[in-house]
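Residues in the sequence shown are numbered from 1 upward in steps of one, following our numbering. Note that beta-carbon positions come from the ideal geometry of N, C-alpha and C, so glycine has one too. In this text, all values refer to a predicted model and were calculated from it rather than measured experimentally.
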Amino acid sequence: MEATPFLSSSLPSALLPQHVHPKGLFSVPVNPQACRIAVVRKKTSFCTKAAALRGNVQVKGVPTSVPVRVAHELHQAGHRYLDVRTPEEFSAGHVPGAINIPYMYRLGSGMANNHSFMAEVSAYFGKYDEIIVGCQLGKRSLMAATDLLAAGFTAVTDIAGGYAAWTRNGLPNEW
Numbered sequence: 001m002e003a004t005p006f007l008s009s010s011l012p013s014a015l016l017p018q019h020v021h022p023k024g025l026f027s028v029p030v031n032p033q034a035c036r037i038a039v040v041r042k043k044t045s046f047c048t049k050a051a052a053l054r055g056n057v058q059v060k061g062v063p064t065s066v067p068v069r070v071a072h073e074l075h076q077a078g079h080r081y082l083d084v085r086t087p088e089e090f091s092a093g094h095v096p097g098a099i100n101i102p103y104m105y106r107l108g109s110g111m112a113n114n115h116s117f118m119a120e121v122s123a124y125f126g127k128y129d130e131i132i133v134g135c136q137l138g139k140r141s142l143m144a145a146t147d148l149l150a151a152g153f154t155a156v157t158d159i160a161g162g163y164a165a166w167t168r169n170g171l172p173n174e175w
């Protein structure tokens with residue numbers, strides 16, 4: 001099996017440093033069948049890590065999203081559940097023991113950010129608490145989880161598919 005070169009120009013532009021021209025940043029021989037590439041920011045430069053052994057490296061600052069059955073197992077193992085849906089959505093049904101802190105509120109026909117979200121989360125959770133973040137369909141929770149990681153929370157997991165997938169899978173809920 002022959003290794004193919006990995007060129008910086010194949011990186012998405014969002015992962016390239018802004019002060020460096022995207023061509024010629026670095027070239028690393030990589031066997032694409034054996035690993036994935038993750039880009040990790042270290043001070044002012046970028047470097048690559050070949051994940052040859054595991055193949056499931058997470059890009060720093062991007063939350064891990066897991067299926068609802070995995071989220072349920074994490075919840076049973078002691079991870080705390082943060083429900084970022086609106087109070088109306090939460091009162092219609094939620095995961096047992098969930099803490100409701102809306103990431104957004106309904107405003108007319110749209111949604112508006114909860115400007116006190118981070119302060120409210122910090123009142124209930126510590127930076128090192130294991131937190132499962134869920135919403136209705138998985139979009140708000142992914143945004144909230146990303147913001148939590150950026151704010152220094154270290155053990156944040158997003159639920160792919162949200163509460164809708166949770167109920168579709170017949171997992172426990174309460175009202």
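CB-CB length for residue i against residue j, believed under 8 Å
{"i": "A160", "j": "G138", "result": "5 Å"}
{"i": "V133", "j": "A145", "result": "4 Å"}
{"i": "A155", "j": "I131", "result": "6 Å"}
{"i": "Y176", "j": "H94", "result": "Nothing about residue 176 can be read from this structure; the chain reaches only from 1 to 175."}
{"i": "N169", "j": "P96", "result": "About 15 Å separates the two Cβ atoms, so there is no contact after all."}
{"i": "Y188", "j": "N114", "result": "Limits of the chain in this structure are 1 at one end and 175 at the other, which puts residue 188 out of reach."}
{"i": "I101", "j": "E120", "result": "5 Å"}
{"i": "V66", "j": "T157", "result": "6 Å"}
Contact under 8 Å by Cβ, residue i with residue j
{"i": "L171", "j": "V68", "result": "yes"}
{"i": "A98", "j": "Y81", "result": "yes"}
{"i": "R140", "j": "V84", "result": "yes"}
Any non-hydrogen atom of the ligand ADP within 7 Å of residue i CB
{"i": "K139", "result": "The model on display carries no ligand, and the ligand ADP is accordingly not part of it."}
Residues sharing a beta bridge with residue i, DSSP
{"i": "V133", "result": "L82 and D158"}
{"i": "E174", "result": "H94"}
{"i": "I101", "result": "I101 is not bridged to any residue."}
{"i": "G110", "result": "L107"}
{"i": "T64", "result": "T157"}
**Request:** Please confirm if the segment 59-72 is in contact with the segment 101-119, defined as three or more CB-CB distances below 8 Å between the two stretches.
**Result:** no
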